[in-house]
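Note that this note's numbering gives residue 145 to position 98 of the sequence shown, counting from 1, and the numbers run on in steps of one.
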Amino acid sequence: VLGMLVGAFHDRMEGVDWMLHDTERQKAWICRQGVGQGVSGVKVPLSLGMEWTEAAAQDLWKKYFKNIAIPDRINPTVQRGRMPVKTWKNLVEQPGRSSASY
48 VLGMLVGAFH DRMEGVDWML HDTERQKAWI CRQGVGQGVS GVKVPLSLGM EWTEAAAQDL
108 WKKYFKNIAI PDRINPTVQR GRMPVKTWKN LVEQPGRSSA SY
């Protein structure tokens, strides 16, 4: 999965240091100053001061979504057409809602 996500992250997070981490496989892709590198054997301890609860994960996702969203390109009609309304209850970000409200 990392390989599929790296390109999208690299394009959208230009100029920002970031890391994608696969906890099960202990692999990561780390990007610093625009240069990325795949790393194996990565373990990120949960003692980094962040509480890994569902609420914390949702908050982190909302921050990510807010930072990558392009307000001028939000199109609720297209979102509703590609994502059935019945799945919305499981989403942290609601289709058609401005990212500014997160």
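The beta-carbon is built from N, C-alpha and C at its ideal position, and this holds for glycine as well.
Just so we're clear, the structure is a prediction, and the values are computed from it rather than from any experiment.
Based on the DSSP secondary-structure assignment, which residues constitute the bridge partners of isoleucine 117? Paired residues: none, contrary to the question.
Could you spell out the range, first to last residue, of the beta strand (DSSP E) harbouring valine 82? 82-87
Determine the contact status of glycine 88 and glutamine 73, defining contact as a CB-CB distance below 8 Å. yes
Pull up the distance between the alpha-carbon of methionine 60 and that of lysine 136, whole angstroms please. 28 Å
Judging by CA-CA distance, which residue of Asp69, Val82, Leu52, Met51 is the nearest neighbour of valine 63? Val82
Can you pull the DSSP bridge partners for tryptophan 65? Cys78
Name the two residues that bound the continuous alpha helix (DSSP H) containing glutamine 73. Run containing glutamine 73: none; DSSP gives neither H nor E here.
Exposed or buried, alanine 75, counting other C-beta atoms within 10 Å across all chains shown (16 or more means buried)? buried
What residue range does the alpha helix (DSSP H) around proline 123 cover? 123-129
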